[in-house]
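Participant: Structure in structure tokens, see below.
2 protein chains.
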Amino acid sequence: MARTTGSDGEKTEAALREAAVSLIARLGYEAMSMRQLAAEVGVQAAALYRYFPTKEDLLFTLMREHMEGLLKAWEAARPASVDPVTRLAAYVENHIAFHIERRHATHVSNMELRSLSHERLTYILKIRTTYEKELRTILRDGTEAGAFEIDDTGLTAMALIQMMTGVIVWFRPGERLSIAEVTTTYLSMTMRLVGATISHGTARPSGRARDAVAL
Amino acid sequence: MARTTGSDGEKTEAALREAAVSLIARLGYEAMSMRQLAAEVGVQAAALYRYFPTKEDLLFTLMREHMEGLLKAWEAARPASVDPVTRLAAYVENHIAFHIERRHATHVSNMELRSLSHERLTYILKIRTTYEKELRTILRDGTEAGAFEIDDTGLTAMALIQMMTGVIVWFRPGERLSIAEVTTTYLSMTMRLVGATISHGTARPSGRARDAVAL
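Chains as they are written, first to last, in this note's numbering: chain D, 1 to 215; chain B, 216 to 430.
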């Protein structure tokens, strides 16, 4: 038998996280019970509390991993280039790729903020702000360099993020469009929206989106 | 005392709908109980069931009124003009104005589709499709007339709708921007996104958004 990585405990925790994301996406956080989650994964309720002492600990873990994961993915994808068009294209590609792969977790992350304690909410919103600020910086740099024509950097950043995250509402793998095709169209819309002074056709996905065709 | 319109029954029903929207937005549909809702409005649980025989009847009523209301608002706002830029501007203005006024109902409408029976879900999605098709028609007409430059009409319609509906996530009346200012910026972004062959500055809100300043 092939050896799998991670202890049994790590595997159980991963299974619990995955089942929790899917249960919360289906029922909502308030309606999901820890008993239900334990049954779903086939562990005793008592064992579940070893991993997540409270239901809110579980929710916070899911949200923190989602937002920290997004920020880390962007830090890995962020190009060395100072060209605002290249940087904006990389941001769009990373944002779409990350969220398309994590549809339920994105749903939970966006909808269940209401159920976090004040301190934990503040922490999650801080990471979110850091991530959004990266986009605002790109937009501002591009405007200052004369590469973009933008009325309001804050509103443009929100509009772009909501437009891109919205992909998860309707995108299903294996239907009319591939991830690469969706990304190409969103890159083109993004560049037009920010008034990028490049022709529409030049904003093509770089490595990541092309690779996605083969997934 | 000034005479208010509507029978006591109608007023109770309206109060129940309003309280339900706010409870569901806060707790999620599955977690909200009919008992809680009755207590919130100060009616007996038995009385509540006269208005909404089942919890799903209540959810369906909220969603149907939201979507039918949106379609009706657009039918009233739809300009007689055949000019695609004028029509697109009217669509954007109506969409933003309608949703900003109904933040919680929009939230419920977008998040709780999972809890509708198949038949009712089909009905709601049919109205939604009719509404979205209006936008796709404007985009297609504009592309055919050479007024817009669009790669994919379906994706552009989804991107615009999600970008606009996203306003409710961050917009709060009385903060930095008025509804009219937000609408102006979104009109400008929309016109650039569809490659409208007008200068960016000309897409200004018509009557509705200007009126909103005085609200």
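Just so you know, even glycine gets a beta-carbon here, dropped at the ideal spot from N, CA and C.
(1) Say whether chain B places a C-beta atom closer than 9 Å to the C-beta of D/Gly9.
(2) Determine the DSSP secondary structure at D/Tyr29, reduced to helix, strand or coil.
(3) Just the C-alpha distance for B/Leu252 and B/Ala235, rounded to the nearest angstrom, thanks.
(4) Are D/Phe148 and D/Thr185 close, meaning C-beta to C-beta below 9 Å?
(5) Pull out every residue of the stretch 30-41 of chain D whose Cβ sits closer than 9 Å to any Cβ of chain B, in chain order.
(6) Between D/Ala159 and chain B, is there a C-beta pair that is closer than 9 Å?
(7) Report yes or no: do three or more beta-carbon pairs, one from the stretch 272-286 of chain B and one from the stretch 352-362 of chain B, lie closer than 8 Å?
(8) Measure from the alpha carbon of B/Trp385 to the alpha carbon of each residue in B/His333, B/His322, B/Leu336, B/Lys341, then state which is nearest.
(9) Taking the straight line between their C-alpha atoms, what separation do you get for D/Val167 and D/Ile100?
(10) Indicate the three-state DSSP secondary structure (helix, strand or coil) for D/Ala234 in the structure shown.
(11) Please compile the residues from chain D whose C-beta is within a distance smaller than 7 Å of the C-beta of B/Leu408.
(12) Is the Cβ of D/Leu155 closer than 9 Å to any Cβ of chain B?
(13) What's the C-alpha gap between B/Thr398 and B/Ile376?
(14) Provide the residue span of the alpha helix (DSSP H) that contains B/Ile365, from first to last.
(15) Quick one: does B/Arg479 have its CB under 9 Å from some CB of chain D?
(16) Please go through the same chain and pick out, in chain order, the residues whose beta-carbon is closer than 8 Å to the beta-carbon of B/Gly221, but skip the five residues on each side of it.
(17) I want to see whether chain B comes within less than 9 Å of D/Thr143, judged by CB atoms only; does it?
(18) Apart from the five residues on each side of it in sequence, which residues of its chain come closer than 7 Å, Cβ to Cβ, to B/Ser237?
(19) Alpha carbon to alpha carbon, what distance is there between D/Leu193 and B/Met406?
(20) What number of angstroms, rounded off, separates the C-alpha of B/Gly369 from the C-alpha of B/Gly410?
(21) Report yes if the C-beta distance between D/Leu88 and D/Thr130 is below 9 Å; otherwise report no.
(22) Do you know whose CA, among D/Ile150, D/Arg140, D/Glu10, lies nearest D/Pro84's CA?
Facilitator: Taking the geometry as given:
(1) On the first sequence, position 9 is the one that residue 9 of chain D refers to. No, no contact with chain B.
(2) Taking the first residue of the first sequence as position 1, residue 29 of chain D is located at position 29. Correct three-state label for D/Tyr29: coil.
(3) Taking the second sequence and counting its residues from 1, one reaches residue 252 of chain B at position 37. Taking the second sequence and counting its residues from 1, one reaches residue 235 of chain B at position 20. Their Cα atoms are separated by approximately 6 Å.
(4) Position 148 of the first sequence, counting from 1, holds the residue named residue 148 of chain D. Position 185 of the first sequence, counting from 1, holds the residue named residue 185 of chain D. Result no, Cβ atoms of D/Phe148 and D/Thr185 do not sit closer than 9 Å.
(5) Glu30, Ala31, Met32
(6) One-based indexing of the first sequence puts residue 159 of chain D at position 159. D/Ala159 counts as touching chain B.
(7) no
(8) Numbered from 1 along the second sequence, position 170 holds the residue referred to as residue 385 of chain B. Scanning B/His333, B/His322, B/Leu336, B/Lys341 for the CA closest to the CA of B/Trp385 turns up B/His322.
(9) Locating residue 167 of chain D in the first sequence gives position 167, counting from the first residue. Locating residue 100 of chain D in the first sequence gives position 100, counting from the first residue. Going by the C-alpha atoms only, they are around 7 Å apart.
(10) Here chain D comprises residues numbered 1 to 215, so residue 234 of chain D is not present and cannot be evaluated.
(11) Working through the second sequence from its first residue, we reach residue 408 of chain B at position 193. By Cβ distance, chain D contributes Met189, Arg192, Leu193.
(12) As a working mapping, residue 155 of chain D is identified with position 155 in the first sequence. It does: the Cβ of D/Leu155 has a partner Cβ on chain B nearer than 9 Å.
(13) Taking the first residue of the second sequence as 1, we reach residue 398 of chain B at position 183. Taking the first residue of the second sequence as 1, we reach residue 376 of chain B at position 161. Going by the C-alpha atoms only, they are around 13 Å apart.
(14) To locate residue 365 of chain B, count along the second sequence from 1; it is residue 150. Per DSSP, B/Ile365 belongs to no alpha helix (DSSP H) and is neither H nor E.
(15) Nothing can be reported for residue 479 of chain B: it is not among the residues displayed for chain B, which extend from 216 to 430.
(16) To locate residue 221 of chain B, count along the second sequence from 1; it is residue 6. Excluding five sequence positions before and after B/Gly221, the CB atoms of its chain that fall closer than 8 Å to its own CB belong to Ala229, given in chain order.
(17) Position 143 of the first sequence, counting from 1, holds the residue named residue 143 of chain D. No, D/Thr143 lies away from the interface with chain B (no Cβ there is under 9 Å from its Cβ).
(18) One-based indexing of the second sequence puts residue 237 of chain B at position 22. Around B/Ser237: His319.
(19) One-based indexing of the second sequence puts residue 406 of chain B at position 191. One-based indexing of the first sequence puts residue 193 of chain D at position 193. Between the alpha carbons of B/Met406 and D/Leu193 lies a distance of about 8 Å.
(20) Here the question's residue 369 of chain B lines up with position 154 in the second sequence. Here the question's residue 410 of chain B lines up with position 195 in the second sequence. If you take the alpha carbons of B/Gly369 and B/Gly410, they lie about 15 Å apart.
(21) For the purposes of this step, residue 88 of chain D is taken as residue 88 along the first sequence, with counting starting at 1. For the purposes of this step, residue 130 of chain D is taken as residue 130 along the first sequence, with counting starting at 1. Using a Cβ distance threshold of 9 Å, D/Leu88 and D/Thr130 do not count as a contacting pair.
(22) Position 84 of the first sequence holds residue 84 of chain D. Checking every option, the nearest Cα to that of D/Pro84 belongs to D/Arg140.
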